[in-house]
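Worksheet: the structure to be examined is printed underneath.
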Amino acid sequence: TVAVVLFTSDLRLHDHPPLRAALASSDEIVPLFVRDSGIEESGFAAPNRLAFLSDCLRDLDAGLRERGGRLLVRSGDVVGEVGRIVSETGAADVHVAAGVSAYARRREERLREALESGGTRLHVHDGVVTAVAPGAVTPAASDHFAVFTPYFRRWSAQRVRDAFAAPRTVRVPDGPGSEKVPARGAVSGVSEGLAEGGERQARKQLTAWRRHGLAGYEEGHDDLSGDATSRLSPHLHFGTLSPVELIHRARSAGGAGAEAFVRQLCWREFHHQVLAARPAASRQDYRTRHDHWRSGADASKDVEAWRQGRTGYPVVDAAMRQLRHEGWMHNRGRLLTAGFLTKTLYVDWRIGAQHFLDLLVDGDVANNQLNWQWMAGTGTDSRPNRVLNPVVQGKRYDPDGSYVRRWVPELAAVSGAAVHEPWKLRGPAHDRPDYPQPVVELADGLARFRKARGLD
Ligand code: FAD
Numbered sequence: 002t003v004a005v006v007l008f009t010s011d012l013r014l015h016d017h018p019p020l021r022a023a024l025a026s027s028d029e030i031v032p033l034f035v036r037d038s039g040i041e042e043s044g045f046a047a048p049n050r051l052a053f054l055s056d057c058l059r060d061l062d063a064g065l066r067e068r069g070g071r072l073l074v075r076s077g078d079v080v081g082e083v084g085r086i087v088s089e090t091g092a093a094d095v096h097v098a099a100g101v102s103a104y105a106r107r108r109e110e111r112l113r114e115a116l117e118s119g120g121t122r123l124h125v126h127d128g129v130v131t132a133v134a135p136g137a138v139t140p141a142a143s144d145h146f147a148v149f150t151p152y153f154r155r156w157s158a159q160r161v162r163d164a165f166a167a168p169r170t171v172r173v174p175d176g177p178g179s180e181k182v183p184a185r186g187a188v189s190g191v192s193e194g195l196a197e198g199g200e201r202q203a204r205k206q207l208t209a210w211r212r213h214g215l216a217g218y219e220e221g222h223d224d225l226s227g228d229a230t231s232r233l234s235p236h237l238h239f240g241t242l243s244p245v246e247l248i249h250r251a252r253s254a255g256g257a258g259a260e261a262f263v264r265q266l267c268w269r270e271f272h273h274q275v276l277a278a279r280p281a282a283s284r285q286d287y288r289t290r291h292d293h294w295r296s297g298a299d300a301s302k303d304v305e306a307w308r309q310g311r312t313g314y315p316v317v318d319a320a321m322r323q324l325r326h327e328g329w330m331h332n333r334g335r336l337l338t339a340g341f342l343t344k345t346l347y348v349d350w351r352i353g354a355q356h357f358l359d360l361l362v363d364g365d366v367a368n369n370q371l372n373w374q375w376m377a378g379t380g381t382d383s384r385p386n387r388v389l390n391p392v393v394q395g396k397r398y399d400p401d402g403s404y405v406r407r408w409v410p411e412l413a414a415v416s417g418a419a420v421h422e423p424w425k426l427r428g429p430a431h432d433r434p435d436y437p438q439p440v441v442e443l444a445d446g447l448a449r450f451r452k453a454r455g456l457d
């Protein structure tokens, strides 16, 4: 018998329940990835993610070849392509990871309809994209948790299945032809410092992280210049690492760093369960604050300064330039740049979220849109009107200014924390025509925000 394993957001061989189930119950399998025209034409497929995806697919193919198999890649409508492969190979079963996004769940329904009418069985596996399925734990009176802490408590109490090893051998049928996956160099518009994708790279990073990073995570995770987070987010987004395996590995290492890290992994699942219950929150306010966001030429000018990393607030600019250069940004940077756009500049969170999605290699609808809503105060934050001061934040999380100097060369000659307030510099160092003046005074931005939200 033949079974198709449809890879989606789970581009790995380790800890892969659909692959394991297919190998256990069929003689041969067809590992399949469909470059889904629905996603590639939606505008969601940004160059950084397409380049990272190329790495992932080439690496998955290499891993399968080492085990006697290969990856089949097709392009088009995913349901149509699966149907075609089923009829080309006579497959009786199709295995896929349970979808956690609305898009993936629709895909699952369409697959079920198309396959089952032809007598092919669809097997949907939980615990692949997230450790705990969205909706698996709910509070008494709602279909999802709107507050993180009680969710974290329930989530932590869930039994997480054991992680599986990668298969040793894979047998594939002769026949169905595959498209060639172009190298990442074929994608244009990619960030210069983009990280490398693929499961092998993910596992190297995981090993290094467990040895050198995890123990210090609790203390170091907010330190912008220390850059002491795992940088595993793109691997979680593309599924080159399994969240189940990560949780087990962190828990077995133990300690405060591991606990703090598992808590962050839970944030990822928290946002997924919110969006699964409220799919419209990808575009609409989760909780409306009746905002009349700024628009017009003035606002556009400010947005452009923010996008380019030229707001005149060094830590904001450093983070925005890191995003453009690497397709990734430190979480503290994401918090303060999103807070700056939505509160200090009072610009619609959707504009900022789109810019992030255009560049982030880990760009993910649930985590991006809901973190943006959190910072805009339209999401699940219980203190929706708090405003982060970028100067205070800069001094706290980049105390010696080295993060700013790394990304803002115009200020490279300013030493220490003085780099966070270039407008205070006197003497020759003050003559800095290439670095902009602040786009707005912080006090004016705050007053505008408080008035708009009716807080005074
Ligand atoms: P670590 O600190 O090492 O954390 C480990 C993992 O936990 C991360 O890889 C991630 O999967 C998860 N995680 C950590 N913090 C969060 C969080 N606040 N929300 C959800 N998951 C979290 N994360 C994305 O994966 N995709 C996004 O598109 C995204 N957009 C964001 C937009 C804004 C405005 C903000 C404030 C945060 C966003 N995040 C997003 C969350 C977080 O910033 C990144 O997950 C994190 O910076 C990734 O770096 P890391 O892997 O080194 O994280």
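Just so we're aligned: the sequence shown equals residues 2 to 457 in the UniProt record's numbering.
All C-beta atoms in this analysis are idealised placements derived from N, C-alpha and C, irrespective of residue type, glycine included.
- Taking 8 Å as the cut-off, decide whether the C-beta atoms of Tyr-398 and Asp-228 are in contact. Numbered from its first residue, the sequence shown carries residue 398 at position 397. Numbered from its first residue, the sequence shown carries residue 228 at position 227. Not a contact, by the Cβ cut-off of 8 Å.
- Considering only C-alpha positions, which residue in the set Arg-201, Pro-400, Ala-98 and Ala-320 is nearest to Ala-419? To locate residue 419, count along the sequence shown from 1; it is residue 418. Among Arg-201, Pro-400, Ala-98 and Ala-320, the Cα nearest to that of Ala-419 belongs to Pro-400.
- Compute the Euclidean distance between the alpha carbons of Gln-323 and Gly-310, then round it to the nearest angstrom. Taking the first residue of the sequence shown as 1, we reach residue 323 at position 322. Taking the first residue of the sequence shown as 1, we reach residue 310 at position 309. If I take the Cα positions, the gap works out to 9 Å.
- Item | Range covered by the alpha helix (DSSP H) that runs through Pro-48 | Translated into positions along the sequence shown, residue 48 becomes position 47. 48–67 is the extent of the alpha helix (DSSP H) around Pro-48.
- Query: Any heavy atom of the ligand FAD within a distance shorter than 7 Å of the CB on Ala-339?
  - Reply: Taking the sequence shown and counting its residues from 1, the one referred to as residue 339 is at position 338. For the ligand FAD, at least one heavy atom lies less than 7 Å from the Cβ of Ala-339.
- Let me know the secondary structure DSSP gives Phe-262 once reduced to three states. Translated into positions along the sequence shown, residue 262 becomes position 261. Of the three classes helix, strand and coil, the one that applies to Phe-262 here is helix, per DSSP.
- Item | Whole alpha helix (DSSP H) elements within the region 128–197, 4-residue minimum | 149–158, all fully within the region 128–197.
- Query: Cα-Cα, which of Phe-153, Ala-453 and Val-366 is closest to Trp-294?
  - Reply: Numbered from its first residue, the sequence shown carries residue 294 at position 293. If we check each option's Cα against that of Trp-294, Ala-453 comes out closest.
- What does DSSP give as the partner residues of Val-125 in its beta bridges? Translated into the one-based positions of the sequence shown, residue 125 becomes position 124. Val-97, per the DSSP bridge assignment.
- Item | Arg-204: CB within 7 Å of a non-hydrogen atom of the ligand FAD | In the sequence shown, residue 204 corresponds to position 203, counting from 1. No, since every heavy atom of the ligand FAD falls outside the 7 Å radius drawn around the Cβ of Arg-204.
- Whole angstroms is fine: what's the gap from Val-377's alpha carbon to Thr-289's? One-based indexing of the sequence shown puts residue 377 at position 376. One-based indexing of the sequence shown puts residue 289 at position 288. Looking at the sequence itself, residue 377 is Ala, so the reference to Val does not match. Answer to the nearest angstrom: the Cα atoms are 10 Å apart.
- Task: Compute the Euclidean distance between the alpha carbons of Asn-386 and Leu-336, then round it to the nearest angstrom.
- Result: As a working note, residue 386 is residue 385 in the sequence shown. As a working note, residue 336 is residue 335 in the sequence shown. So the two alpha carbons sit approximately 14 Å from each other.
- Item | Candidates Thr-241, Tyr-152 and Ser-301: closest to Leu-61 by CA position | The sequence position of residue 61 within the sequence shown is 60, counting from 1. Looking at the Cα atoms, Thr-241 is the closest of the given residues.
- Task: Could you tell me which residues DSSP pairs with Glu-29 in its beta bridges?
- Result: Position 28 of the sequence shown, counted from the start, is the residue given in the question as residue 29. Glu-29 is bridged to Val-3.
- Message: Tell me the rounded alpha-carbon separation between Val-255 and Gly-214.
- Response: Here residue 255 refers to the residue found at position 254 of the sequence shown. Here residue 214 refers to the residue found at position 213 of the sequence shown. In the sequence as presented, Val is not what sits at residue 255; that position holds Gly. One C-alpha to the other measures close to 13 Å.
- Message: Using only the alpha-carbon positions, how far apart do Val-83 and Leu-7 sit?
- Response: To locate residue 83, count along the sequence shown from 1; it is residue 82. To locate residue 7, count along the sequence shown from 1; it is residue 6. So the two alpha carbons sit approximately 8 Å from each other.
- Neighbourhood of Leu-266 by C-beta distance below 7 Å, restricted to the same chain and skipping five residues each side: For the purposes of this step, residue 266 is taken as residue 265 along the sequence shown, with counting starting at 1. These residues qualify, in order along the chain: Pro-244, Leu-247 and Ile-248.
- Chain-order list of residues whose beta-carbon lies under 7 Å from that of Ser-403 (same chain, five-residue window excluded): In the sequence shown, counting from the first residue as 1, residue 403 sits at position 402. Only Ser-226 meet the Cβ criterion.
- Item | With 16 other Cβ atoms within 10 Å as the buried cut-off, status of Thr-312 | The sequence position of residue 312 within the sequence shown is 311, counting from 1. Buried is the call here.
- Message: Three Cβ pairs or more, each shorter than 8 Å: is that satisfied between the region 123–141 and the region 151–166?
- Response: yes
- Within the same chain, show all residues whose beta-carbon is closer than 6 Å to that of Gly-395, passing over the 5 residues directly before and after it, in chain order. Translated into the one-based positions of the sequence shown, residue 395 becomes position 394. If we look at Gly-395 and ignore the five residues flanking it on each side, its Cβ neighbours are Val-316 and His-421.
- By Cβ distance, which residues of its chain are closer than 7 Å to Glu-29, with the 5 residues on each side in sequence left out? Residue mapping note: residue 29 aligns to position 28 of the sequence shown, counting from 1. Cβ within range, chain order: Val-3, Arg-172, Val-173 and Pro-174.
- Which residues does DSSP pair with Gly-77 in a beta bridge? Counting from 1 along the sequence shown, the entry for residue 77 is found at position 76. Partner(s): Asp-37.
- the region 33–53 touching the region 272–284, judged by at least three CB pairs closer than 8 Å: no
- Item | DSSP bridge partner residues for Phe-8 (one or two, in chain order) | Position 7 of the sequence shown holds residue 8. Looking at the DSSP assignment, Phe-8 forms a beta bridge with Phe-34.
- For Thr-381, the first and last residue of its enclosing alpha helix (DSSP H): As a position in the sequence shown, residue 381 is number 380, starting the count at 1. Unbroken run through Thr-381: none, as it is neither H nor E.
- Which first and last residues belong to the alpha helix (DSSP H) in which Leu-337 is found? Residue 337 sits at position 336 when you count from the first residue of the sequence shown. First-last of the alpha helix (DSSP H) with Leu-337: 332–340.
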